[in-house]
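Okay, structure first, notes after.
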Amino acid sequence: LERGHRTEPQCMSHRPNTSPRSAEQAPDDMGVQKLEQNQGEIQHEHNEMRAKINILGLRLQGPPWVQFFICVGGVFGFGVIHDFIQELVFRYDGFEFGWFMTICELLVFVVAAWAQLMLQNRQSEVTTISWSQYVGLTVVLAITQGFGSVALSYVNFPVKVVFKSSKLIPTMALGIFVLRRSYTFLEYTAGFMLCAGIATFTLVDSKVSPRFSLVGVLLLLGAVFGDAMTVNLQERLLRQLKNSKEQMMLASNLMAAAWVLIFIIF
């Protein structure tokens, strides 16, 4: 009995652990490994998409930071050219068709988005657009674009550029009161200095410019606040609907052009 009592723990120590916890541990480990593998594949696909920036059939080359500066330079460069051409058009005597110009601009954006989808063989994405979800965004976009164009009938080009560059201020305001975001002291200082610079520039321009009106300033303020709202609405829709940027560009600008057309007719 003494020998059997001594050997029983040895026999039990060699038995395999068949408890429910041990049986479930292997599937759990496999699930964790599969999840990590899927996350790695998703991250790899995301990195490939970021590395492949295609604009109307032209693929940007070089490291990511070079592509980033090319895109930023294109946004600022074409934005300045766009506003400069707008001012030249509004200098013609009797030209007061700012809302019609807005329709033309919006339709150009629609054509560009459609061309991007066509060149990448993604035309079928148009049928999956949730048009009803873009109503609020398109109303804000139509008002913003229209106010920005009509303002050039009352102020000159430098004033518009300065006001359009001040989108930081309403963006911060919306972030504080709507999104409950917090900013650093340096960001508040930058916003205050930007406000002071805009106020000074506007005051000087009102004294020396032959074409300056408070109506134009109010229109630009509406356009700037509309820009800030548009950015936040676009970001929210992209997250909710999981649409591509081309889908959003096509749907929002096409519906905005329709709103402007209805406004002009009625």
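In our numbering, the protein residues as written are -1 to 264. For glycine and all other residues, C-beta sits at the position ideal for the given N, C-alpha and C.
Between the stretch 223 to 237 and the stretch 158 to 172, the count of C-beta pairs closer than 8 Å reaches three or more; the two stretches touch. Rounded to the nearest angstrom, the Cβ distance from GLY96 to SER151 is 6 Å, consistent with a contact under 8 Å. The C-alpha of GLY146 lies about 22 Å from the C-alpha of GLY71.
Unbroken alpha helix (DSSP H) runs of no fewer than 4 residues, entirely contained in the stretch 51 to 100, are found at 62 to 88, following chain order.
In the structure shown, LYS165 adopts coil according to DSSP, grouped into three states. With a 10 Å radius around the Cβ and a threshold of 16 neighbouring Cβ atoms, THR198 comes out exposed.
A straight-line Cα-Cα distance of about 12 Å links CYS69 and GLY77. Using a C-beta cut-off of 8 Å, the stretch 176 to 187 makes no contact with the stretch 98 to 113, since fewer than three inter-stretch Cβ pairs fall below that distance.
Here the alpha carbons of SER242 and ILE83 stand approximately 30 Å from one another. Buried is the label assigned to LYS158, since at least 16 other Cβ atoms lie within 10 Å of its Cβ.
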